[in-house]
Every structure is written in structure tokens, then in C-alpha cells.
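If you're matching them up, the sequences are chains A and B in order.
The first sequence: position 91 = 113 (the working numbering), numbered continuously.
The second sequence: position 94 = 116 (the working numbering), numbered continuously.
Beta carbons are placed, not taken as given, at the ideal position from N, Cα and C, and that holds for glycine.
To start, the structure itself, in C-alpha cells.
Number of protein chains: 2
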Amino acid sequence: MSRRQLPAPELFQAAVNGDRSALARLLSLIERGDDDARTIGRLAYPLSGSGYTVGLTGAPGAGKSTLTSSLIGHLRAQDLEIAVLAIDPSSPFTGGAILGDRVRMQDHATDPGVFIRSMATRGHLGGLSLATPEAVRVLDAIGRKWILVETVGVGQVEVEVAGKADTTIVVVNPGWGDSVQANKAGLMEIADVFVINKADRKGVEETSRDLMQMLDLSDLPHDTWRPPIIPTTGTTGQGVPELWDAVLAHREYAESSGDLRERRAFRLREELREIVATRLGRRARQICSGERWDQLTDAVVERSTDPWTAADEMLAAVDA
Amino acid sequence: MSRRQLPAPELFQAAVNGDRSALARLLSLIERGDDDARTIGRLAYPLSGSGYTVGLTGAPGAGKSTLTSSLIGHLRAQDLEIAVLAIDPSSPFTGGAILGDRVRMQDHATDPGVFIRSMATRGHLGGLSLATPEAVRVLDAIGRKWILVETVGVGQVEVEVAGKADTTIVVVNPGWGDSVQANKAGLMEIADVFVINKADRKGVEETSRDLMQMLDLSDLPHDTWRPPIIPTTGTTGQGVPELWDAVLAHREYAESSGDLRERRAFRLREELREIVATRLGRRARQICSGERWDQLTDAVVERSTDPWTAADEMLAAVDA
């Protein structure tokens, strides 16, 4: 039997035993989000919980992937095993265009201590928001202690997903990228650590002052943890050890304060809510078919009724 | 009574009569997505249907806003009244950073023939995907014949929203932006017209060839409408008349072929499905509360059960 046909539980066992291509296949099943994904989720769930997730987000072009690559190097030098989940459509990890970065990644790709995976979730009903925690849990269950989740810091879902890590790094550039500027409210909310990447350029101090001012003005409870601001140069690795120290400091704070436990419990409750909502969504799809549905949608298209009245009718039919 | 306290139906009437600040207030209510939004939606629905929506999307930095600004100038020169809905977090329309662009926008902002509005949908349960068509319908109902919807071409929801226009323009740059490159499958699917903006740079011909090759390889039914490829320079306005001609040509094709009618009917059905799903989601929030919910979530947090089993239990309780 080829690996492609192995049942999910056997694939999972193979992955736990260190089989990387079984792991890759498992993650493909997660992406598809069908019954196999649920089987895998159920197997992974009791084994997970010891891995630690680090989110990394920022505007396209902020240098996230180069920074991630430097970070991988730093962690590998300490013999830490890590997994990287890239769900940034602009990331070279996900098959993007920057050849140099991709080549740099290739170095890590041959290192058994690093597992890099890009996510595509077109089949998954719950989209990125449900597929990501499932994929993270598989990586956690097979024993990866550090899981990096890279997302692009634009897009409703993508920013949310980045904010659901144990520690979230927000990457900006000197002088602010315009994308970051515009989306700053969302990014401010989720940042545990700020990075000013490309710090070899002008404007690091002004950007740092801006960030500090924004932190002062924000109504987040920064008396307990105030996100440090770390200048880095991803291409040279400058500042990367300091960045990692900041992640470790945040982890220590989160663990000792009870924040981590609370955050994870909150996340699980949110995920459970989303699973319930997605199941109800599947039910909506069932509701939204058949003769009555056709009549109602025709009425909406012809403007003899409006979508909200039609929705009321469809839902009333279910409740009856 | 101040305008802020006017009931939604009176605000709507004022907007129909040309009151711009009433219109702005209406759109704020739409963004909040509460009962007022539904009232407005019901009022706007029967009056809408004659406006035509043009989506414009592409990677951050592709020059979408500058191009939009040039496009506005071109349309105003023909005395066409237009509305712009900017739901791109990196757009200067949404309060971004490029001062030059913002200044250029300001010119249009004092022109009564142009209405520019950015969207923030943090309160709206259905997010961008439901708030956008509602906002478009209000602009349509008050008599705007052309409605431009600008979104950033990264992010799951944002690309979908752009694809739901009557004509969708996808903006790329010579040599491809890396973001576009990575996300090209999604963008290829929704493009009715391609723009190679910043055409004063090198690489326009190669990019054009790339796009043509991708069109040749794609399995989209391009025998009926093949997206033209228009080089533009947003900063000078070069190519903008040709771009508009391409939009008009697509509109003519869509209207005469029946494609527009089909597309709009499909969109309405999708929207109705999403309204039903969102309502069910609200119900999920109700389900996901109470004593049984607390017990189940605690069990998930303590890993004595998994999220899928817990979801099954919650849903079974509803069905019983």
C-alpha cells in the first residue's frame, strides 16, 4: 500500500515516529478539512499541549521570511527543533517569488531539525481560522517544541490567525510600511513583541518612538506586559538573538502570570465556537437547497423580496 | 434632533435626497451591522440594481489608489458620478500613510460628484463579505451609477470581495510584485481586466506575456471573455482611458451575453446563504453559553475531551 492510501491513524503513527513525508501527507489532509482531518485532530489533541507557538506577522515586504530564516538559524545553533507554518500568500515559503529567500530556505529544508510547511486551505470549510490550529496541533503532537506561524499582516482572517499564537511578533520597517500604518490598530492589539526589521535603514528611532507613543496611548493592559521593540536586520541576522530573548521573556511572563493558560483556554473556547458555527454553516448549506430555496432565491433576484426576509423564512422552516 | 439620532428610515430618505453626511452616517450603521443595518438594507434593496460595481484589487504597493484617483478624474471629466468604497487596509483612502495620494484624494473629496468612503467592519458579524454588498447597495439605491470597490489582493476574504463586482480589475506591476505572484491563482480567477500599472518601468512586455500564458493555461472559459491586459501609469494617467474602455467593453459583453444577470443572481444566492449561515452563527453563540457549555469547554481545556466531540454534544443538545 502506498503512503498516499494509508489510513489516517497509521499515517499519524508514522508521523509520530518521525516520518516526514507522512507528516506532510497529514497536513494535506488537514488542509482538505474532511473526515480524515477530524480523525487526525482527535488523535493529535490528547498528545498536544507541550509545543509553544510563535506568530510572526507584518506587511508584505517587511522581510518576515528573511527574518524567519535568520531565526531558524539562531534556534538550530542551539539545537532546538522547530516547525514553520507559512500561511502568508506573499511568503517565499508558500511558493513565492524571491529566489534568494527560497534558496536560503532550501538550506533549512535539508535539516531534519526544521520542518517547513505552507498552508493552502481552499477545501477547508472553516478556512484558515480552523485549519491553522489543527495543523499546529499535529506539529505539536508529533513533538515539535517550537512552532512558528508566519502570516501576512493584511487581511481580516490572517491578522486574527497571527494573534492566536502563544507569543506574537509584529514586524514593521523603519518609517513604517504604509500597509502597517493603515492596519495598525489590528496589529497593535495582537503584538507581544515588536520588531523593526531592516534596521540598517534610516528612521529606526522615529519608528521606535512612534510605537512607544502608540503603546502609551493604547488602552491595552500594558502595565502587565509591555511589548518590547527590537531592531533587527534579517539579512545579516543582527538583532535576532535579542528578538529571541524577547520571545523567551514573553513566554516566561505568560507562563508565570497565568496569562498563557488563560489565553490558550480562551483560544480553545473560540475554536469550539467556530467548530459549532461551521457545523451550523454546513447545515445552512443543506437548508439552502430544494424547491423552497429556489423559489426564495428567485424572489430575491427579482427583487420581490429582500435577502433578510428570505433568510427569516428559510430559518423559520428549519425551526418548525 | 441631531442627525446622529435620526432614525434609520429618515436618514435613508435624507441620503436619497442628496444629503452626504446622512449617507456617511448610514454607512457607519451598515458597518456596525446591527438592527439598523438590516432596516437600511431592506429600504435600499428595492431601490438598487441600476448601479454598476467595478472591483479593483492587487498587492499592496501596486499603485491601486493612485490609479483609482486617475480613474476618478477620467470619469469626472465625462461628468459621471461615482462612489468609491475602499476596503483595503493599505489604501490611503482608509487613512493610510501616503500623503501625496491623500492630498490628491482631497481634491476629489470636495467634488460633489465623488463620494469616497473607507470601510471598517469590526462590529459586523458577517465581516467584510456581508458588509460590502450592503454598503454597495446603499450607494446604488441613492443613485450612484458607478461604484468602485478597492480591496487589497492578499487575504482570503479581501480577494473574494473584489471578485464579487460586476467587473473586476486586477492590478499587477511590471516584473510582478511577489505578493501577486504567490496569490496569482486567486487573482487569475476573478480578473475581468488586467492592468499592468507603473508601466513606465521595465518589464511590461514580459509581464504581459506571462499573463497571456497564464490565461492560455487556465481552464477558465476564456473563449467567451478573455481579460484584456492594459498598461497604465497611475501617476500620469497614461492608459487610464484605455482601462476605462476595457471596463465598458466588459460591461457590454456581460450585459449582452447574460453573464451579468447570471453573476448577480449567483452573488445574491451566495449572500443569502451567508446571511443564513451568519444567523446560524449567532445561534451558535447562544448555544455556546450556559452551564453545559462551561463544563464542555473546561473538559476541552483539560483535554479530557476534544473540540469535535464537544461540538457534537452541543449540537445534539440543540437538535433534541
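Extent of the continuous beta strand (DSSP E) to which residue i belongs
i, result
"isoleucine 218 of chain A", "215-218"
"threonine 189 of chain B", "189-194"
"tryptophan 168 of chain A", "168-174"
"threonine 79 of chain A", "74-80"
Bridge-paired residues (DSSP) for residue i
i, result
"glutamine 260 of chain B", "B:Thr255"
"leucine 107 of chain A", "A:Arg139, A:Val171"
Beta-carbon proximity of residue i to residue j, cut-off 9 Å
i, j, result
"glycine 225 of chain A", "glycine 197 of chain A", "yes"
"alanine 333 of chain B", "leucine 294 of chain A", "yes"
"isoleucine 138 of chain B", "alanine 105 of chain B", "yes"
"valine 192 of chain B", "isoleucine 212 of chain B", "yes"
"isoleucine 164 of chain A", "valine 38 of chain A", "yes"
"valine 183 of chain B", "alanine 66 of chain B", "no"
"threonine 90 of chain B", "valine 174 of chain B", "no"
"isoleucine 109 of chain A", "valine 136 of chain A", "no"
"alanine 287 of chain B", "threonine 327 of chain A", "no"
"glycine 303 of chain A", "leucine 233 of chain B", "no"
"alanine 276 of chain A", "arginine 285 of chain A", "yes"
"glycine 77 of chain A", "valine 171 of chain A", "yes"
"leucine 237 of chain A", "proline 253 of chain A", "no"
"threonine 331 of chain B", "arginine 64 of chain A", "yes"
"isoleucine 251 of chain A", "serine 230 of chain A", "yes"
"serine 92 of chain B", "valine 262 of chain B", "yes"
"proline 31 of chain B", "threonine 61 of chain B", "yes"
"methionine 336 of chain B", "arginine 314 of chain B", "yes"
"aspartate 281 of chain B", "threonine 246 of chain B", "yes"
"leucine 107 of chain B", "serine 72 of chain B", "no"
"isoleucine 52 of chain A", "proline 329 of chain B", "no"
"arginine 345 of chain A", "proline 155 of chain A", "Chain A is shown from 23 up to 342; residue 345 of chain A falls before or after that span and cannot be answered."
"leucine 69 of chain A", "tryptophan 168 of chain A", "no"
"arginine 273 of chain B", "aspartate 188 of chain B", "yes"
First and last residue of the uninterrupted alpha helix (DSSP H) at residue i
i, result
"isoleucine 297 of chain A", "281-309"
"alanine 44 of chain B", "42-54"
"isoleucine 94 of chain A", "86-99"
"arginine 314 of chain B", "313-323"
"proline 68 of chain B", "57-69"
"glycine 149 of chain A", "149-163"
"leucine 28 of chain A", "Element bounds for leucine 28 of chain A: n/a, residue is neither H nor E."
"aspartate 328 of chain A", "Element bounds for aspartate 328 of chain A: n/a, residue is neither H nor E."
"aspartate 232 of chain B", "226-239"
"arginine 184 of chain B", "Per the sequence shown, residue 184 of chain B should be read as alanine rather than arginine. That run of the alpha helix (DSSP H) goes 178-184."
The ligand ZN heavy atom lying under 8 Å from the CB of residue i
i, result
"arginine 325 of chain B", "What this structure holds is no ligand at all, so the ligand ZN is not there to describe."
Mind listing which residues of the stretch 295-327 of chain B have their C-beta closer than 8 Å to chain A's C-betas, in chain order? Arg295, Ile297, Val298, Ala299, Arg301, Leu302, Gly303, Arg305, Ala306, Arg307, Ile309, Cys310, Leu318, Thr319, Val322, Val323, Arg325
Return the residues of the stretch 272-295 of chain A that lie within a Cβ-Cβ distance of less than 8 Å from chain B, sorted by chain order. Arg286, Ala287, Leu290, Arg291, Glu293, Leu294, Arg295
Taking only beta carbons into account, state which residues of the stretch 160-185 of chain A come closer than 8 Å to chain B, listed in chain order. Val174, Val176, Gly177, Gln178, Val179, Glu180
Using a Cβ-Cβ cut-off of less than 8 Å, list which residues of the stretch 61-89 of chain A approach chain B; keep chain order. Gly63, Arg64, Tyr67, Pro68, Gly71, Ala81, Pro82, Gly83
Taking only beta carbons into account, state which residues of the stretch 28-42 of chain A come closer than 9 Å to chain B, listed in chain order. none
Along the stretch 247-262 of chain A, where does the CB come closer than 8 Å to a CB of chain B? Name the residues. none
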